[in-house]
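Residue numbers (our numbering), protein chains in the order written: chain A, 1 to 192; chain B, 193 to 536.
Built from N, CA and C at the ideal position, the CB exists for glycine as well.
Worksheet: one structure, shown below.
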Amino acid sequence: MEMKRRIGFIERGTEFLKLKRDHLAKELTASIEVLKGRRSLLLENLRGAYRAVTAAYISLGPTEVRSQASSIKAGLELEVLPRAVMGVRYPFIKVEKKPQIAGELDITLSEAAAKVLAILDDILQLAEFEARAERIADELGKTNRKVNALENTIIPSYRQVIKFIEDKLDEESLEELVRMKLIGGALARRRE
Amino acid sequence: MSPGLSYVVIKSHALMADLLTPEQMRNLAERESLEGFVEQLAGTSYGRISVDTDGDVSLALEKVFYQKFIERMMAIVDLAPANIGGFLQSYYYQRFEVINLKRIIRGKYSGIPIPQIVESLIPITPYRVESYEDLVEAESFKDSVRRLKGTPYASLVASLDLSDKYDALWPLEIALSHLNAGAVFNSLKRLPQRDRGLVRKIVQAEADVENFLVAAKQRGSRDRAHRPEEMFPATYGITIEMLREAIGAEDIRSVIEGLTPPYNEILVPLYEGDVALIRSRIRQHVYDIARKGRTANDFGFNVVMAYLVFSEIEKDDLVGIAWGKTQGIPAEDILKYLAIPGSV
C-alpha cells in the first residue's frame, strides 16, 4: 500500500515535471527567436557605433579622443539582481548610473558617444536575455533528465516491485486458499 | 634678423618637395601593417622612425608627426619677417596651446596622473602661459584655471561659476575656443592687407563649418539656454540666421540644401550622420584654398601659408593612418577620412 501511495506521488510529480519541461521549452523557443532578432539588430548597431568611433579616432587623433573621453564624469554603474521564471534564477541588470559627459565633446566624438550610449541598454538587455536563455536551457536539460529517469527507470522499477509483491501476495493467498481447502476437506472427512 | 619674405618664399617652395604627394599618402594608407607603413615612410622625408613599442605605438607616432610639423613651422617662423612670423606663431601656437590647456583641464578634472597629462600635451614650448607643468601640478582643475590669472586666458576664471553651476567642463572649453578664435582674428591684423585674403578664406571656411556642426549638435538639445549670438561670436558665409534655422530645423537636409557652395557640398555627410567625413572634406577644401592661393600668387606669402597648410593636413592624415594601422582598420575605411589622397 505504501509503495502504491509512493508511486502515485511519483507519477504526479512526473506530470508536474513534464508540465515544467513543456513550459521551459516554450520559454526557450520564444527566447531564442527574440535573441536571434535582437542579436542581429545589435550587431548592426554595434558596427555603426564602431564605424563612428573609428572615424572619430582617424579624424581627431588618438590623443585628442582619449583626452576628450576623460571628461566623462561618471562611469557606468550596474546592479545585478536575481529574478526567476519557473524557479529558474537568472540575473537582472539594473542600470544605476549612466556615463555623463562633462566636457564639450567634438561633434565627431559626441556622435560616436551617442551611438555607443544608445546601444548600451540593448547590450545589457541582450546579455540579460542570453543569461536567461542559458539558465532556462540548463534547467530544461535537468528537468528532461529527471522526467526520463522517472519515466524510464524509477517508475518501471517501482511498478516491477509492486507487481512482484502483488504476485507474491496472490501466490501466498492462493496457497492459503489451497491449504484452507485441504484442511477443510480433512476436517470434513474426519467428521464422517 | 629676417632674410626677408622672398627668401622665406623660396625656402617654402624648396620645402614643398619634402611634402608627401597624394599618391604617396595613398600608398601609406594601403600598407598591410604598421610595420609596412613605417617601412614605406622611411623612404620619405620623415626617414626611419623608431618608436618605443612598450606603450601605445599610435600615440608615439602621433607625437613624432606633431614634432615634425612644429619643426617645419618653426623653420619658417624663424626666417619670416617679424609680422608674418608673429602671425604664424600666433595662428599655430595659440591653437596648440588652447588644445593643451583643454587637455590639462580635462586631465585634472578626471584625476588623470600628472605624467599622463604631460604625455598628452602637444610638444610645444608654452606660448602665452609660463609653464604647463605649473598648471598640471595644480591641486584641481579649478586651481589650474585660477593659475591662468595674469595671462591672456585670465577671463577663463569667470567661466568657473558656470562650470560649477552645471558641474561640467564645457563652459571652460567653449570659453577657450572663443579666446582662440578672437586671438586668430586679432593676429590677422599683423599681416599686410594683401596677404590676409588666403588666411581669411581658410579661417572663415573652418569657422563656418564648425559653427554649423555646433548648431547641428544643438538640435534636439534644449537643456542649454545659450543664445545663438553667444554661441557663435563670429559668423561669415553661414550667417547667424542660417545657424538659428539649423538649430530649430526638424530636417537638417533642407537647411543644408539652402546653403551656398561649397558648404552645401561639404556638409552633405551630415545627412547620414558621418560627421568625421565633413572634417576630411573641410580639410580638402582648405587644401584646395591653399593650392589656389598659391597658384594665384606664387611669389608671396600665399606660398608660405600653403606650405604650412599642406604640412598640417599631412600631419593630420598621417596621425589617422598610423592609428588605423595599429588597429588593423582596412585601407578603404582609412582613406575615406583622409584629406590629401582625395584632393587629387
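How would you list, in chain order, the residues of chain A whose beta-carbon sits under 7 Å from the beta-carbon of residue i?
i: Asp356(B); result: By Cβ distance, chain A contributes nothing, its closest Cβ being about 12 Å from Asp356(B), past 7 Å.
i: Arg471(B); result: Ser59, Thr108
Show which residues of chain A have a CB atom less than 9 Å away from the CB atom of residue i.
i: Asp525(B); result: Arg51, Thr54, Ala55, Ile58
i: Tyr529(B); result: Thr54, Ala55, Ile58, Ser59
Could you name the residues of chain B that residue i contacts, counting a contact when the two beta carbons are closer than 8 Å?
i: Pro62(A); result: Asp248, Ser250, Leu251, Glu254, Val511, Trp515
i: Ser67(A); result: Lys294, Arg295, Arg298, Gly299, Ser312
i: Ile107(A); result: Leu405, Val406, Ala408, Lys409, Val467
What is the DSSP secondary structure of residue i, reduced to helix, strand or coil?
i: Ala84(A); result: strand
i: Glu222(B); result: coil
i: Phe9(A); result: helix
i: Arg200(A); result: For residue 200(A) there is no data in the structure shown, the boundaries of chain A being 1 and 192.
i: Glu322(B); result: coil
i: Leu459(B); result: coil
i: Pro91(A); result: strand
i: Glu449(B); result: helix
i: Leu24(A); result: helix
i: Ile430(B); result: coil
i: Leu78(A); result: strand
i: Ile316(B); result: coil
i: Ile297(B); result: helix
i: Ile162(A); result: helix
i: Lys98(A); result: coil
i: Ile107(A); result: helix
i: Ile72(A); result: strand
i: Ile202(B); result: helix
i: Leu19(A); result: helix
i: Glu192(A); result: coil
Considering only their Cβ atoms, is the gap separating residue j from residue i smaller than 8 Å?
i: Phe279(B); j: Leu383(B); result: yes
i: Leu78(A); j: Phe92(A); result: no
i: Val328(B); j: Ile309(B); result: yes
i: Asn456(B); j: Phe424(B); result: no
i: Val150(B); j: Ile262(B); result: Nothing can be reported for residue 150(B), as the shown portion of chain B is limited to 193 through 536.
i: Tyr324(B); j: Ser71(A); result: no
i: Tyr479(B); j: Ile532(B); result: yes
i: Ala52(A); j: Lys115(A); result: yes
i: Ile470(B); j: Val401(B); result: yes
i: Leu390(B); j: Ala367(B); result: no
i: Ala397(B); j: Ile474(B); result: yes
i: Glu254(B); j: Pro62(A); result: yes
i: Glu139(A); j: Leu24(A); result: yes
i: Leu117(A); j: Pro99(A); result: yes
i: Arg264(B); j: Leu207(B); result: yes
i: Gln68(A); j: Leu105(A); result: yes
i: Leu35(A); j: Ala137(A); result: no
i: Lys146(A); j: Leu28(A); result: no
i: Tyr358(B); j: Leu271(B); result: no
i: Gly516(B); j: Ile526(B); result: yes
i: Ile291(B); j: Ile314(B); result: yes
i: Ser535(B); j: Pro214(B); result: yes
i: Ser282(B); j: Arg295(B); result: no
i: Ile241(B); j: Leu251(B); result: no
i: Ala373(B); j: Ala426(B); result: yes
i: Val501(B); j: Ala523(B); result: no
i: Ile58(A); j: Ala221(B); result: no
i: Met3(A); j: Ile165(A); result: yes
i: Leu19(A); j: Ala56(A); result: no
Can you pull the chain B residues whose beta carbon is under 7 Å from the beta carbon of residue i, in chain order?
i: Ser40(A); result: Result: empty, since nearest Cβ-Cβ is about 21 Å, beyond 7 Å.
i: Glu111(A); result: Gly465, Val467
i: Ser71(A); result: Arg298, Tyr301, Ser302, Leu361
Report the CB separation of residue i from residue j in whole angstroms; it is logged as a contact under 8 Å.
i: Ile154(A); j: Asn45(A); result: Wrong, their Cβ atoms sit about 50 Å apart, outside the cutoff.
i: Val88(A); j: Arg135(A); result: 5 Å
i: Lys73(A); j: Ile107(A); result: That pair is no contact at about 19 Å.
i: Ala127(A); j: Tyr90(A); result: Their Cβ separation, rounded to whole angstroms, is 11 Å, which puts Ala127(A) and Tyr90(A) out of contact at 8 Å.
i: Leu462(B); j: Ile439(B); result: 14 Å between Cβ atoms; not a contact.
i: Arg411(B); j: Ile444(B); result: 7 Å
i: Ile10(A); j: Arg159(A); result: The Cβ separation is near 10 Å, so there is no contact.
i: Asn144(A); j: Arg21(A); result: 6 Å
i: Tyr345(B); j: Leu364(B); result: Tyr345(B) to Leu364(B), Cβ: 10 Å. No contact.
Output, in chain order, the set of chain A residues within a Cβ distance shorter than 8 Å of residue i.
i: Tyr285(B); result: The contacting residues do not exist; Tyr285(B) stays about 17 Å from chain A at best.
i: Ile521(B); result: Thr54, Ile58
In the stretch 333-410 of chain B, which residue ranges form an unbroken alpha helix (DSSP H) of at least 4 residues, counting only runs that do not cross its ends? 333-338, 352-358, 362-380, 388-410
Fully enclosed by the stretch 473-536 of chain B, which alpha helix (DSSP H) runs are 4 residues long or longer? 493-519, 523-527
Just to confirm the assignment: which complete alpha helix (DSSP H) runs, minimum length 4, are found wholly within the stretch 241-291 of chain B? 249-271, 274-280
Along the chain, which unbroken stretches of the alpha helix (DSSP H) at least 4 residues long are found entirely within the stretch 118-155 of chain A? none
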